[in-house]
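Protein chains in written order, with this note's numbering: chain A, 1 to 67; chain B, 101 to 167; chain C, 201 to 267; chain D, 301 to 367; chain E, 401 to 467; chain F, 501 to 567.
Don't be surprised by glycine CBs; every beta carbon is placed ideally from N, CA and C.
Have a look at the structure below, then the notes.
Protein chains: 6
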Amino acid sequence: MPYVNIKVTNEGVTKEQKQALVAGATELLSRVLGKNPATTIVVIDEVETDNWGIAGELVTERRLRGA
Amino acid sequence: MPYVNIKVTNEGVTKEQKQALVAGATELLSRVLGKNPATTIVVIDEVETDNWGIAGELVTERRLRGA
Amino acid sequence: MPYVNIKVTNEGVTKEQKQALVAGATELLSRVLGKNPATTIVVIDEVETDNWGIAGELVTERRLRGA
Amino acid sequence: MPYVNIKVTNEGVTKEQKQALVAGATELLSRVLGKNPATTIVVIDEVETDNWGIAGELVTERRLRGA
Amino acid sequence: MPYVNIKVTNEGVTKEQKQALVAGATELLSRVLGKNPATTIVVIDEVETDNWGIAGELVTERRLRGA
Amino acid sequence: MPYVNIKVTNEGVTKEQKQALVAGATELLSRVLGKNPATTIVVIDEVETDNWGIAGELVTERRLRGA
């Protein structure tokens with residue numbers, strides 16, 4: 001029954017990586033808290049780099065600088 | 101003033117269905133808690149089936165199996 | 201499998217009202233989109249009036265004015 | 301370390317406006333609470349007008365009426 | 401820079417379990433996507449069983465039935 | 501109509517600081533995007549330091565080390 005939300009920048013996450021995130025988060029909740037995997041939900045949000053800011057600037061700008 | 105967020109998989113929700121979700125959620129908050137419909141906000145997130153996991157796997161895979 | 205989050209101010213919502221919100225939101229998703237009630241999750245957040253702002257001021261202040 | 305999420309309707313927000321939102325929110329947390337800008341995250345969600353409801357109707361409908 | 405939110409019912413999660421969830425989610429993002437652990441944020445929400453609904457009823461009721 | 505959510509650790513935020521956050525975020529949306537302050541909602545979440553992780557550890561532990 002847990003709900004996990006993972007937000008990352010939209011920079012080429014593959015379907016295989018999404019599968020690994022879902023499997024890993026579900027296993028984590030099962031192992032640490034004994035939660036039932038059958039009802040564990042994981043939602044992945046891929047956020048455009050223009051829409052994610054850190055340190056007061058857009059990730060897009062940081063990427064242009066190589067950060 | 102309530103805020104309602106509805107997350108569903110992105111599998112062909114029509115504009116009419118969205119309108120029904122907004123009207124229904126707003127009516128629910130008004131009826132149960134007496135909240136003012138004029139300031140009730142409803143946001144619908146349509147999540148790709150590749151980005152939604154349940155039971156440790158992607159919804160995309162479940163749909164391929166007919167689940 | 202839908203996930204619904206309802207945020208309201210913490211002003212005496214009873215357990216019966218919470219039950220009505222959960223039942224109503226689950227029914228709404230089933231009726232409008234045909235979603236399976238068995239895996240529909242509803243989470244209710246009760247937010248302190250000091251932590252909810254609208255129109256640039258805290259709800260606490262609005263309540264003191266009778267708004 | 302704060303996390304700020306800004307949800308607005310998807311109606312032509314420019315990159316410069318997104319930069320201003322990120323810079324402004326980061327400055328706000330630093331000025332009011334002394335939070336370190338280097339680890340302040342801001343995520344902007346642009347929500348389609350078909351997916352945002354207020355007062356029981358979709359924003360799309362309100363825009364058609366000029367509201 | 402990823403942001404992970406884990407929502408579980410408030411049923412006695414210990415500080416050691418919270419530490420394990422934070423460490424596990426951070427490791428997951430690093431291993432699968434190469435994300436920098438130093439800026440990965442994990443927020444755990446413990447939701448009262450009166451405020452969490454599944455299958456149209458409150459978790460509190462399900463627990464009373466032994467579910 | 502924008503919705504802003506601010507998450508910070510629960511470390512003594514005063515009511516005056518909450519008021520400043522609400523006023524500041526509302527002004528920011530009005531100034532940058534021309535949004536109507538009357539319908540701008542701001543919700544502040546104060547998260548326990550045991551429930552906030554960064555760099556793979558709980559904020560509680562970091563505070564004990566003086567970080």
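Beta carbon of residue i nearer than 7 Å to that of residue j
i: Asn-205 of chain C; j: Glu-248 of chain C; result: no
i: Lys-418 of chain E; j: Asp-550 of chain F; result: yes
i: Val-342 of chain D; j: Val-322 of chain D; result: yes
i: Thr-526 of chain F; j: Gly-256 of chain C; result: yes
i: Val-308 of chain D; j: Pro-502 of chain F; result: yes
According to DSSP, residues forming a beta bridge with residue i
i: Lys-407 of chain E; result: A:Tyr-3, E:Asp-445
i: Gly-453 of chain E; result: C:Val-242, E:Leu-458
Chain H within 7 Å of residue i, Cβ atoms only
i: Ala-520 of chain F; result: In the structure shown, chain H does not exist; the protein chains are A, B, C, D, E and F.
Buried versus exposed call for residue i [16 or more other C-beta atoms within 10 Å across all chains shown]
i: Gly-466 of chain E; result: exposed
i: Leu-429 of chain E; result: buried
i: Leu-464 of chain E; result: exposed
i: Gly-234 of chain C; result: exposed
Closer than 6 Å: residue i CB and nearest the ligand NAD heavy atom
i: Val-43 of chain A; result: Among the components modelled here there is no ligand, and therefore nothing to report on the ligand NAD.
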